[in-house]
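For the protein sequence lines, the chains are A and B, in the order given.
Just so we're aligned: 190 in my numbering is position 190 of the first sequence, and the numbers increase by one with no gaps anywhere.
Just so we're aligned: 23 in my numbering is position 23 of the second sequence, and the numbers increase by one with no gaps anywhere.
Here a beta-carbon is modelled for each residue, glycine too, at the ideal position from N, C-alpha and C.
What you are looking at is a predicted structure, and each value in this text was computed from that prediction instead of being measured.
So the structure is just underneath, and the comments pick up after that.
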Amino acid sequence: MRRPNFFIVGAPRCGTTALCSYLKQHPEIWFSVDKEPHFFGSDLAPQPGTVREEDLYLALFAGAGERPRAGEGSVWYLSSRRAPAEIRAYAPDAKIVILLREPAQMAYSLYSLYCRTGNEDLPTFEEALAAEPERRDGRRLPAGVYFPMGLLYTDAARYAEKVERYLTVFGRENVHCILFDDFVRDTVLAYRRCLEFLGVDPGFEAELDPGQANQRIRMLAVRQLRQLPPELLRRIRFQEMKLHDGAAPRPPLTAAAAERLRSLCADDVARLGALLGRDLGAWTRGEAVAPEPAARKAPRGDVLASMRALRSFPPALRAKHDKVETLERKFARWQKMRVPELSLEQRPYSPAWPAWFAGEEARIVAALGPRAARIEHFGSTSVPGLSSKNVIDIAVGLEGPPDPAAETALAGIGYASYGNSPVDPETLWLWKFDDDRAFVLHVCDHRRPWIGEQADMREYLRAHPLERDRYAEMKRLLAEEKDKGLLHYSLRKLAITVEMVDRAQTWRAAAGRAPNTAP
Amino acid sequence: MTDQVLEQIKRIVVEDLDVNLKYEDLDDSVPLFEEGLALDSVILVELVSFIEKRFNILLRDESLNMETFKNLQSVARVIREQLAEKPA
């Protein structure tokens, strides 16, 4: 039987239903007609629509056929402590989508929903918030309550620990977080990114007007529903009735209630921001989060010039370079890379740079603990006398290859992932922006050869002022060709680097020193 | 002339479906969705299943489209077509 391989896990009231109605239209996606079966999460109390029987659950995906993605959208999986591991055990290749919304808006929307469905009976949101401690102990529950956990609105609006759990279990590359603010502001873009994440055709144009989208998928729903076992149909019917029951108008969200919730969640919002590499400060003021800091594909620039640079790479150096990754492969990888948009200017050497490195090194060691085997400052800011931007490049060598736990630990001190490092395909590239400076981590197994090469080059340039000046002059000449684009620049600079590394290694060997493997 | 098929569909809607609609609500051309009878997908599946039992036919998947379920008249037309195809 076909098992699902992607899950929208929440949070409730954050746009999951709209996203589902867009995903259902995609020809490569099969989406469960019962949006929220809540099959996983054995620590969650069953709700009216919960499907715990495996045969019934799998019936929801029986029609998926050869579609590459089959999914469902149970919004309480996010709150469940057990769901991540249970999903992973059942569907090891699963992709996870998480939508998140400003806590007060989300909690109030949940309150409004439960007023309609009968899960809530307190007449104002303030009273409902005040009742949370009692409700946690099982008191003051409405007569019609069917999901008491849902009434702990403040719990539901705290996301960081839950998101972290999914990141740890599935790894960052398998978890896609969408902010409600981004989803609403540019639905086309958010939808396309989600499709890219799921590995299906991102060019598909779905109907994104909610009403029209429902029209478009209604008959699909009918065809799916009539294939289901009657028992399942009965449960879905019951769930639908609850959702569409009487809807008395709710008093609006008051400033006081919003303020209370926001202050209760402020610490969590800060932690979530660090986890996602996004500034969520706007949420604490009840505003929409600003769009993601522009990350763009490296502009291709003058492709012919880049090709010429590739072909004119000195053959002797090429042989050295290609051992780890061929130049062609690196060129192809660079073309697809996401590059952070920086507006930092070139500056003369500053003694602040090694001091910044030392401070950051301490933070990294504290975050990674014994996993940090080797940390090196490299690049222009590591050599006194070279000019550079305020960008501190740091090699972080781990015991073993980088994994989600390490990435999460570094996210905790403000680093956001930008894929693989330009220096090496098996090295992660993490950035932290801090006013007019940036820290760039290149995180890999400490045995990756490039770390020693960069350390050699640093030592060589520190010890040879004339070589350092020659290096600076080559970079200056290169900078004048910037109009040929970043790719061209990077390739030419790579040739210079490979040459310098070669000289550094010869120098070290002549001096009879051991290879630069450990600090 | 009373339309037998249409009458039977109306009776299914009023008597069999759990939708709280009265016979008087059922104009032949009232839309079945949002602005009309507001039937949801689950109810629609029940309607299809009751129709199939009552008329002893199987509605083809390709008949399950918005054109068929525009209103009660269009549903009746599709049923009549399938009944006509059925060998006596």
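From which residue to which residue does the alpha helix (DSSP H) around residue i run?
i                : result
Trp356 (chain A) : Ala352 to Leu368
Arg69 (chain A)  : Looking at the DSSP string, Arg69 (chain A) is not in any alpha helix (DSSP H); the run it does join, the beta strand (DSSP E), is Arg69 to Glu72.
Ile217 (chain A) : Pro210 to Leu225
Ile43 (chain B)  : Ser41 to Phe55
Glu53 (chain A)  : Taken as a continuous stretch (DSSP letters only), Glu53 (chain A) belongs to no alpha helix (DSSP H), as it is neither H nor E.
Gln25 (chain A)  : Element bounds for Gln25 (chain A): n/a, residue is neither H nor E.
Phe197 (chain A) : Thr187 to Leu198
Thr117 (chain A) : Pro103 to Thr117
Lys475 (chain A) : Pro465 to Ala479
Phe125 (chain A) : Phe125 to Ala130
Using CA atoms only, rank isn't needed, just tell me which of the options is closest to residue i.
i                : options                                   : result
Lys35 (chain A)  : A:Ala221, A:Ser380, A:Tyr460 and A:Phe357 : A:Ala221
Glu127 (chain A) : A:Tyr153, A:Phe39, A:His321 and A:Gly281  : A:Tyr153
Ala411 (chain A) : A:Cys14, A:Val163, A:Glu259 and A:Leu253  : A:Val163
Ser29 (chain B)  : B:Leu6, B:Ile43 and B:Glu15               : B:Leu6
Ala495 (chain A) : A:Gly150, A:Gln25, A:Ser306 and A:Ser80   : A:Ser306
Arg135 (chain A) : A:Gly144, A:Trp353 and A:Pro148           : A:Pro148
Pro229 (chain A) : A:Asp445, A:Leu58 and A:Gln25             : A:Leu58
Cys444 (chain A) : A:Glu473, A:His464, A:Val9 and A:Arg371   : A:Arg371
Arg158 (chain A) : A:Asp181, A:Ala104 and A:Ala130           : A:Ala104
Pro31 (chain B)  : B:Leu72, B:Glu81 and B:Ala76              : B:Leu72
Ala510 (chain A) : A:Gly41, A:Tyr460, A:Ala316 and A:Ile29   : A:Tyr460
Val175 (chain A) : A:Tyr146, A:Ala256, A:Arg260 and A:Leu78  : A:Leu78
Phe439 (chain A) : A:Cys194, A:His377, A:Val423 and A:Leu208 : A:His377
Ala362 (chain A) : A:Pro351, A:Ile375, A:Ala352 and A:Trp353 : A:Ile375
Arg278 (chain A) : A:Gly414, A:Ser382, A:Thr381 and A:Phe7   : A:Gly414
Ile178 (chain A) : A:Cys194, A:Arg172 and A:Thr168           : A:Cys194
Ala463 (chain A) : A:Ser382, A:Phe40, A:His446 and A:Pro12   : A:Ser382
Leu151 (chain A) : A:Pro12, A:Leu167, A:Asp181 and A:Tyr111  : A:Tyr111
Gly211 (chain A) : A:Gly171, A:Val289, A:Glu205 and A:Tyr22  : A:Tyr22
Glu407 (chain A) : A:Pro425, A:Trp429 and A:Arg140           : A:Trp429
Pro291 (chain A) : A:Phe183, A:Leu167 and A:Leu232           : A:Phe183
Val51 (chain A)  : A:Asp322, A:Asp436 and A:Ser32            : A:Ser32
Pro261 (chain A) : A:Glu132, A:Asp209 and A:Glu207           : It is worth fixing the name first, because residue 261 (chain A) is Leu in this sequence and not Pro. Out of A:Glu132, A:Asp209 and A:Glu207, A:Glu132 has the C-alpha closest to the C-alpha of Leu261 (chain A).
Leu56 (chain A)  : A:Arg235, A:Val9, A:Leu487 and A:Leu19    : A:Arg235
Provide the residue(s) that pair with residue i in DSSP beta bridges, ordered along the chain.
i                : result
Leu428 (chain A) : A:Asn420 and A:Val443
Arg347 (chain A) : A:Ser388
Phe433 (chain A) : A:Ala438
Gln331 (chain A) : What sits at residue 331 (chain A) in the sequence shown is Phe, not Gln. Its beta-bridge partners do not exist; DSSP assigns none.
Phe7 (chain A)   : A:Glu72 and A:Ile96
Could you please give the first and the last residue of the uninterrupted beta strand (DSSP E) stretch that includes residue i?
i                : result
Val391 (chain A) : Val391 to Leu398
Glu376 (chain A) : Ala372 to Phe378
Val97 (chain A)  : Lys95 to Leu100
Cys177 (chain A) : Val175 to Leu179
Trp30 (chain A)  : Ile29 to Phe31
Exposed or buried, which one is residue i when buried takes at least 16 other CB atoms within 10 Å?
i                : result
Pro84 (chain A)  : buried
Met1 (chain B)   : At Met1 (chain B) the pLDDT is 45, less than 50, meaning the model places this residue with poor confidence and gives no usable figure here.
Phe125 (chain A) : buried
Gln47 (chain A)  : buried
Ile12 (chain B)  : buried
Glu85 (chain B)  : exposed
Thr326 (chain A) : exposed
Gln224 (chain A) : buried
Arg271 (chain A) : buried
Met1 (chain A)   : exposed
Val188 (chain A) : exposed
Leu522 (chain A) : Lying before the first or after the last residue shown, residue 522 (chain A) is absent from chain A, which here runs from 1 to 519.
Gly15 (chain A)  : buried
Lys520 (chain A) : Residue 520 (chain A) is absent from the structure shown; chain A starts at 1 and stops at 519.
Asp393 (chain A) : buried
Ser421 (chain A) : buried
Arg448 (chain A) : buried
Leu477 (chain A) : exposed
Arg296 (chain A) : With a pLDDT of 48 at Arg296 (chain A), under the threshold of 50, the modelled position of that residue is not reliable, and the figure given next carries that caveat. With fewer than 16 other Cβ atoms within 10 Å, it is exposed.
Gln335 (chain A) : exposed
Thr427 (chain A) : buried
- Query: Below 8 Å, can you find three or more Cβ-Cβ pairs linking the stretch 55 to 73 of chain A to the stretch 198 to 205 of chain A?
  - Reply: Touching, yes, given that three or more Cβ pairs across the two stretches are closer than 8 Å.
- Message: Taking contact to mean 3 or more Cβ pairs, one atom from each stretch, closer than 8 Å, check whether the stretch 376 to 391 of chain A and the stretch 347 to 356 of chain A are in contact.
- Response: yes
- Query: Per the contact definition of three or more C-beta pairs closer than 8 Å, is the stretch 452 to 462 of chain A in contact with the stretch 500 to 515 of chain A?
  - Reply: yes
- Message: Does the structure place the stretch 265 to 285 of chain A close enough to the stretch 459 to 479 of chain A that three or more beta carbon pairs sit under 8 Å?
- Response: no
- Does the pairing of the stretch 216 to 231 of chain A with the stretch 51 to 71 of chain B give three or more beta-carbon distances under 8 Å? yes
- Inter-stretch contact (C-beta, 8 Å, three-pair minimum) for the stretch 73 to 91 of chain A and the stretch 113 to 123 of chain A: no
- Query: Do three or more CB pairs link the stretch 12 to 29 of chain A to the stretch 85 to 93 of chain A at distances below 8 Å?
  - Reply: no
- Item | Three CB pairs or more closer than 8 Å across the stretch 481 to 497 of chain A and the stretch 37 to 55 of chain B | no
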